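Colleague: One structure, as structure tokens, below. Some questions next.
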Amino acid sequence: MSRKARASESQNIFFGNRDKGAFIREKLLHYGVAFLSVALALWATLLLNPYLTSTPAALFFGAVMVSAWYGGLGPGLLATVLSTFAVNYFFFKPLHPQNITNPNIVVPLIVFMLTAGLISWLNESRRTAQRQAEANLKSLHESEARFGRLTESNIIGVIVANLNGLIVEANDAFLKMLNYTREDLCSGRIRWGEIVPLEYIEVSERAIQELTMTGSCKPFEQEYICKDGSLIPVLLGFAKQGDRTIIGFVLDLSERKQAQAEAQHRSRQAEEAQSILQMLLEQVPEGITIAGGPPDFPIIANSKLTQELLGRPNESLVGISCESYVQSYNLFLADGVTPLTLEQLPLYRATRYGETIHDEECIIERPDGTTITAIANVVPIRDSQGEIIGAIDCWRDITNRKLMEEALRQRETELRLITDTLPVLITFVDSEQRYRFNNRAYQEWFGHSTAEVYGKHLWEVLGKSAYEVLRPYVEQVLAGEQVTFESQVPYKDGGTRYINAIYVPQFNRQGIVEGYAALVTDISEQQAALRDRNLAEKALRDSEERYRILTEVSPQAIWMGDRDGGITYCNQYWLDYTGLTMEQTAGYGWIYVIHPNDRDRVLKTSMQAVANATDYEIEIRFRQVSDGSYRWHIVRGLPFRDPSGQITKWVGIASDIHDRKIAEAALQQLNEMLEQRIQERTIQLEAANKELESFSYSVSHDLRAPLRHIAGFVELLQKRHNSTTLDETSQRYLKIIADTAKQAGILIDELLTFSRMGRTEMRYINLNMEELVHEVKRDLIAETPGRTIHWHIESLLEVQGDPSMLRLVLRNLMGNAVKYSQTRNPAEITVGSIDNENEVIFFVQDNGVGFNMQYVHKLFGVFQRLHSDPQFEGTGVGLANVQRIIHRHNGRVWAEAVVDSGSTFYFSLPKLSKKESDERTQANSAN
């Protein structure tokens, strides 16, 4: 049934995949042949009808046979039906009958139909038998091909043997299995009895007996002897072919036996692993929880320590679901306050999401209220398809470690504080020459934080040049030897420094160098100081040598004494001058060459200086050995002190001032004569000044009287004679006379003012220059009606000075600005100030006609005018007056200008200190 089903299924699949059109065409062809066969039989019978009167259906039997042979039962039955209708219609009388009721007609037709139907059925049976035979033949060929492929594929060994035990044929798999060659097979050297070990002879004989009785034997296991004598386990199966031929199948069981052995080994290992696991769960110092597979991931094992960590040493907890397990105790984040949700629990995440947890820290609250700090490591277990089938959760109690870490952090903080306060560079470098620790001084020295330097190699931080200098010492300390050295190192980021360094190696328990600690002191300043000291000492030696030479050749007496003033050294000048030896001079022997009248005074002064530890200077007369005369010397003594301020020695010099004393006496006499002459001259000058002042007033009065007469008579003439009496020229002459007289009066007034300015006593007060400028401005506006003048008066600083004099200065400068800008409309006049460190500068600026800077040196002279245009009237005395007033205030005055672009006049007044201001105020009050 299964074979038919498979054939049917195969056929159905075949037809299901065939072209439906081709199938229909094939069927139509079969039925077309049936129609054609019947038609040919009808035509032939009608043609031979005279000869076939007794058997009209003979040819129609041939048509049915052809149709059934070609098309099978369906076309045969169709041909039978068509032939029956054709015979009845064309060959039974009456011809062309409408109803069939005559037995003579019905019986032959029935016999024809039965006979034709039998023919069709027989042909269908033949076709079926033919198809079955073809299918069997094809299956046989396929089976033979499969057997051939199986034999040739060398998957299993195939042998053909006779009942005598001679193997007459074998495939390569069998020969390879026993290490025989095809030549061994052909030569008949492979016999059954020779390849079967003695212990398997009985088994082989039972198999042969079963084969003889049933034609085949059940597969059985035994061993064969290979050509090299080794044994190989095999599975044998035999079938009898004919009377004396046996076909056998040999399967090499080496791999299966090895797999079984390995399976047994693995089973033993699993049992051992289970035993070890159980022992670990009991003894390992870790909390271990093992969860099973889905859907609930039940707990299948718990270590003893796990239950103790959870505070439930007497509860198993095995068998409950993973979700219930993780919810049976309280877990918090590392802060000890925030509880973990179910989704955050490590075992839940591993079993539900396959997450691997590494060293996740949490707080466990046990039933008794105590807490521990633990870290969890959870690994999901997966099958070969990657599906989660469980998880292993390892807990470790790190409470003590956390306490130790906290203590260690505290100690590290203290150590960091200590190292950061030390004025040396401290660092630790591991065996790979990478930085692991730096103190604050190291960070500040290089300008890199600990995080930036940590893990970097020495040469990355120090620079290649510095590393090459330090490299021999680093290699030496990494070899296990402590190193102390001083060197000049060109650091990349720290400049070139001179350092003192101590490298101390650190060893692990095995005695291997793990790294080294370095203490580095920057001695650049000390080295610089040492160099400076060496240079200073050399300079001192050179200076002492120069001093010694200078003292020896000096034309003055140079001496040195001890702390009490006793002489310890004198230069050659002293010895030559006094005729004393050094031994005679030492101590106080020098007293005896002093003039007797000076000795008490000299001793008193020197002893007082020694007692008070102060410098002293005194004039002494020393006796000269050459002629016994005394000459005046000035002696200066200076004490030398140690760092504590104590006097260690005295140094002095005695200079010959005899000629100077004689000159001073002469000069004193001359000064006394000069003083007398000055007093006499002062009296004369005071008298002359008084006479000059009287003369000035007299001149002023005498000069003004004629001018007044001239002006008065001109005015009388102008009143007496009207404009019709005098012609235009006469009137112009009178006007010129009047203007000239007026100008002469103004000139006399200004000359008197200029003269008085040098003698007038100054009255210093604090002046608001801004108010003074506005007063002068109001006067000038009143004097210039009708003019458009834009005044720009800035905020002016206060100064100290004489108000009347400074008002005259501003009157002259601002009046000049108004006068020389009269050709401009509008006129622009600016008054401002500039605050300097020691003085205040004021300026008056206009947009007038300006002047040529080539003649600026003449500007402040008396009667010096740079503009001769009658349009700009003036006497040439105003700016001279300005300069005299400013100079009396110890200030400066100057000007700048551009022709036709205006000018700027500056004057400065010094800033008086509070002391000077008070002194001048007091002087004003006294006056």
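Just so we're aligned, residue 9 is where the sequence shown starts under the working numbering, counting upward by one.
All C-beta atoms in this analysis are idealised placements derived from N, C-alpha and C, irrespective of residue type, glycine included.
This structure is a prediction, so every number in the text was calculated from the model and none was measured.
Given a threshold of 16 other Cβ atoms within 10 Å of its Cβ, counted over all protein chains shown, does Trp51 qualify as buried or as exposed?
Modeller: Residue 51 sits at position 43 when you count from the first residue of the sequence shown. Exposed, since its Cβ has fewer than 16 Cβ neighbours within 10 Å.
Colleague: For Ser812 and Val890, I'd like the C-alpha separation in whole angstroms.
Modeller: As a working mapping, residue 812 is identified with position 804 in the sequence shown. As a working mapping, residue 890 is identified with position 882 in the sequence shown. Roughly 12 Å separates the two Cα atoms.
Colleague: Since I believe Ile127 is in contact with Met185 (beta carbons under 8 Å), could you give me their beta-carbon distance rounded to a whole number of angstroms?
Modeller: Locating residue 185 in the sequence shown gives position 177, where the first residue counts as 1. Locating residue 127 in the sequence shown gives position 119, where the first residue counts as 1. The Cβ separation is near 60 Å, so there is no contact.
Colleague: Let me know the secondary structure DSSP gives Arg252 once reduced to three states.
Modeller: Position 244 of the sequence shown, counting from 1, holds the residue named residue 252. Looking at Arg252 - three-state DSSP - the assignment turns out to be coil, as it is neither helix nor strand.
Colleague: Taking its Cβ as the centre, do 16 or more other Cβ atoms sit within 10 Å of Leu103, making it buried, or is it exposed?
Modeller: Translated into the one-based positions of the sequence shown, residue 103 becomes position 95. For Leu103, the predicted model reports a pLDDT of 48, less than 50, meaning its position is unreliable; a value from the coordinates is still stated below. That one is exposed.
Colleague: In this structure, does DSSP put His6 in helix, strand or coil?
Modeller: Look at the range of the chain in this structure, 9 to 935, and you will see that residue 6 is not part of it.
Colleague: When DSSP labels each residue in this structure, what does Ile686 get in the three-state scheme?
Modeller: Residue mapping note: residue 686 aligns to position 678 of the sequence shown, counting from 1. In the structure shown, Ile686 sits in a helix (DSSP, three-state: H, G or I).
Colleague: Buried or exposed: Cys194, going by 16 or more other Cβ atoms within 10 Å of its Cβ?
Modeller: Taking the sequence shown and counting its residues from 1, the one referred to as residue 194 is at position 186. Cys194 is exposed by the Cβ-count criterion.
Colleague: Going by beta-carbon coordinates alone, are Leu538 and Val432 separated by less than 8 Å?
Modeller: Numbered from its first residue, the sequence shown carries residue 538 at position 530. Numbered from its first residue, the sequence shown carries residue 432 at position 424. In this structure, Val432 does not lie closer than 8 Å to Leu538 by Cβ.
Colleague: Give the C-beta separation of Ala169 and Gly256 to the nearest angstrom, bearing in mind that I take them to be a contact with Cβ-Cβ under 8 Å.
Modeller: Within the sequence shown, numbered from 1, the residue matching residue 169 stands at position 161. Within the sequence shown, numbered from 1, the residue matching residue 256 stands at position 248. Correct: roughly 7 Å between the Cβ atoms.
Colleague: DSSP state of Glu845, grouped into three classes?
Modeller: To locate residue 845, count along the sequence shown from 1; it is residue 837. Here Glu845 sits in coil by DSSP.
Colleague: Could you tell me the alpha carbon to alpha carbon distance between Arg771 and Asp810, rounded to whole angstroms?
Modeller: For the purposes of this step, residue 771 is taken as residue 763 along the sequence shown, with counting starting at 1. For the purposes of this step, residue 810 is taken as residue 802 along the sequence shown, with counting starting at 1. Straight-line Cα distance between these residues: approximately 5 Å.
Colleague: By Cβ distance, which residues of its chain are closer than 7 Å to Ser262, with the 5 residues on each side in sequence left out?
Modeller: Taking the sequence shown and counting its residues from 1, one reaches residue 262 at position 254. For Ser262, where only same-chain residues beyond five positions count, the Cβ hits under 7 Å are Ile240 and Pro241.
Colleague: What are the start and end residues of the beta strand (DSSP E) that includes Ala782?
Modeller: Sequence index remark: in the sequence shown, residue 782 carries index 774 (1-based). The question names Ala, but residue 782 in the sequence shown is His. Taken as a continuous stretch (DSSP letters only), His782 belongs to no beta strand (DSSP E), being part of the alpha helix (DSSP H) at Met777 to Glu791.
Colleague: Relative to the C-alpha of Ile849, which residue among Asn57, Val901 and Pro58 is closest?
Modeller: For the purposes of this step, residue 849 is taken as residue 841 along the sequence shown, with counting starting at 1. Comparing Cα-Cα distances from Ile849 to each of Asn57, Val901 and Pro58, the minimum goes to Val901.
Colleague: Does Leu341 come out as helix, strand or coil in the three-state DSSP assignment?
Modeller: Counting from one through the sequence shown, the residue named residue 341 turns up at place 333. Correct three-state label for Leu341: coil.
Colleague: Can you tell me the Cα-Cα spacing of Ile665 and Val633, whole angstroms?
Modeller: Here residue 665 refers to the residue found at position 657 of the sequence shown. Here residue 633 refers to the residue found at position 625 of the sequence shown. Answer to the nearest angstrom: the Cα atoms are 17 Å apart.
Colleague: Could you please give the first and the last residue of the uninterrupted alpha helix (DSSP H) stretch that includes Asp664?
Modeller: As a first step, residue 664 is located in the sequence shown; it is residue number 656 there, counting from the start. Taken as a continuous stretch (DSSP letters only), Asp664 belongs to no alpha helix (DSSP H), being part of the beta strand (DSSP E) at Ile655 to Asp664.
Colleague: Helix or strand or just coil, what does DSSP make of Ser916?
Modeller: Against the sequence shown, residue 916 aligns to sequence position 908. Correct three-state label for Ser916: strand.
Colleague: Let me make sure I understand the geometry here. Which of Leu818, Arg685, Met412 and Thr220 has the alpha-carbon closest to that of Thr381?
Modeller: Taking the first residue of the sequence shown as position 1, residue 381 is located at position 373. Nearest C-alpha to Thr381: Met412.
Colleague: Would the beta-carbon of Ile254 fall within 8 Å of that of Leu219?
Modeller: Counting from one through the sequence shown, the residue named residue 254 turns up at place 246. Counting from one through the sequence shown, the residue named residue 219 turns up at place 211. Cβ distance < 8 Å, so Ile254 and Leu219 count as in contact.
Colleague: How close, in whole Å, do the beta carbons of Val839 and Ile797 come, if the pair is a contact with beta carbons under 8 Å?
Modeller: Counting from one through the sequence shown, the residue named residue 839 turns up at place 831. Counting from one through the sequence shown, the residue named residue 797 turns up at place 789. Not quite, the Cβ-Cβ distance comes to about 12 Å (not below 8 Å), so this is no contact.
Colleague: Do Cys402 and Trp294 come within 8 Å of each other at the CB atom, strictly closer than that value?
Modeller: Translated into positions along the sequence shown, residue 294 becomes position 286. Translated into positions along the sequence shown, residue 402 becomes position 394. According to the sequence shown, residue 294 is Glu rather than Trp. Taking 8 Å as the Cβ cut-off, Glu294 and Cys402 qualify as a contacting pair.
Colleague: In the DSSP assignment, find the unbroken alpha helix (DSSP H) run with Asn824 in it and report its ends.
Modeller: Position 816 of the sequence shown, counting from 1, holds the residue named residue 824. Pro811 to Tyr828 is the span of the alpha helix (DSSP H), which, as asked, contains Asn824.
Colleague: Is it buried or exposed, Gln31, if we count other Cβ atoms within 10 angstroms and call 16 or more buried?
Modeller: Position 23 of the sequence shown holds residue 31. According to the sequence shown, residue 31 is Phe rather than Gln. By the 10 Å Cβ count, Phe31 comes out exposed.
Colleague: Relative to the C-alpha of Asp304, which residue among Gly327, Gly319 and Arg320 is closest?
Modeller: Start at 1 with the first residue of the sequence shown, and residue 304 comes out as number 296. When only C-alpha atoms are compared, the closest one is Gly327.
Colleague: Extract the residue ranges of the beta strand (DSSP E) inside the stretch 457-529, only unbroken runs of 3 or more that lie entirely within it.
Modeller: For the stretch 457-529, whole beta strand (DSSP E) runs of length 3 or above, ordered along the chain, are 491-499 and 503-515.
Colleague: Give me the Cβ distance between Ala474 and Phe493, rounded to the nearest whole Å; I'm assuming they're in contact under 8 Å.
Modeller: As a first step, residue 474 must be located in the sequence shown, where it is residue number 466. As a first step, residue 493 must be located in the sequence shown, where it is residue number 485. Contact doesn't hold; Cβ gap of about 14 Å is too wide.
Colleague: Please confirm whether Ala905 and Phe859 have their CB atoms less than 8 Å apart.
Modeller: Counted from its first residue, the sequence shown places residue 905 at position 897. Counted from its first residue, the sequence shown places residue 859 at position 851. Contact: yes.
Colleague: Taking 6 Å as the limit between beta carbons, can you name the residues of its chain near Ile894, skipping five residues before and five after?
Modeller: The sequence position of residue 894 within the sequence shown is 886, counting from 1. Once the five neighbours on either side are set aside, the close Cβ partners of Ile894 are Val901 and Phe915.
Colleague: So for His104, helix, strand or coil by DSSP?
Modeller: Looking up residue 104 in the sequence shown gives position 96. Residue confidence for His104 is low, a pLDDT of 49 falling below 50, so the modelled location carries little weight and cannot support an answer.
Colleague: Name the DSSP beta bridge partners of Asp438, please?
Modeller: On the sequence shown, position 430 is the one that residue 438 refers to. DSSP output for Asp438 lists Gly523 as bridge partner(s).
Colleague: Return the bridge partner residues of Gly301 from the DSSP annotation.
Modeller: Translated into the one-based positions of the sequence shown, residue 301 becomes position 293. Beta-bridge pairing links Gly301 to no other residue.
Colleague: Report the CB separation of Met822 from Val857 in whole angstroms; it is logged as a contact under 8 Å.
Modeller: Against the sequence shown, residue 822 aligns to sequence position 814. Against the sequence shown, residue 857 aligns to sequence position 849. Met822 to Val857, Cβ: 16 Å. No contact.
Colleague: Pull up the distance between the alpha-carbon of Leu724 and that of Val864, whole angstroms please.
Modeller: Within the sequence shown, residue 724 is the residue found at index 716, counting from 1. Within the sequence shown, residue 864 is the residue found at index 856, counting from 1. Near 44 Å, if we compare the C-alpha coordinates of Val864 and Leu724.
Colleague: Is there contact between the stretch 572-585 and the stretch 595-615, where contact requires at least three CB pairs shorter than 8 Å?
Modeller: At 8 Å Cβ cutoff, the stretches touch.
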